[in-house]
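Colleague: Below is a structure I'd like to ask you about.
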Amino acid sequence: MKTYYVYIVTNPRRHTVLYTGVTNNLERRMQEHQQGLFSGFSKKYNCTKLVYYDVTNDIDLAIEEEKRIKGGSRKRKIALIESINPNWVDLMFDPGTLCNSYRGRFVPRNDKYGH
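Heads up: the sequence shown begins at 4 in the working numbering, then just goes up one per residue.
Structure below.
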């Protein structure tokens, strides 16, 4: 069974830019962000710090969650990040974080606010 991650990365010092993506290999994808392997938004704005992620086994749900996050305001993205990472630490370097990654936050969003 595959695992899919929805994640948010930011620029390391100022946290002025937030990039949301989805992947089936978070460690590999973060290496790609950090090495700037692909040109695009995250490379242009140096989005290399992992500040949020969640995991599911359902790709359709992961894509739906990515779209929901991308469609939200900056304020809502910050609230989401701070709900699990109030100090904005780089989760790729927080010991044990990726080993116990399942948070079970992927649930159908039913209300008008996407909750």
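Backbone N, C-alpha and C fix where the C-beta goes; we use that ideal spot for every residue, glycine too.
1. Within 10 angstroms of the Cβ of D63, are there 16 or more other Cβ atoms? Answer buried if so, exposed if not.
2. My assumption, with CB atoms under 8 Å, is that V12 sits in contact with V54. Please give the rounded CB distance.
3. With which residues is I11 paired in a DSSP beta bridge?
4. Work out the CA separation of T26 and N49 for me, nearest whole Å.
5. List the whole-angstrom C-beta distance separating T23 from K73, where the pair is believed to meet the contact cut-off of C-beta under 8 Å.
6. Let's test the definition: count the other Cβ atoms within 10 Å of the Cβ of K52 and tell me whether it reaches 16, buried, or not, exposed.
Modeller: Judging by the given coordinates:
1. exposed
2. 7 Å
3. T23, Y55
4. 18 Å
5. 5 Å
6. buried
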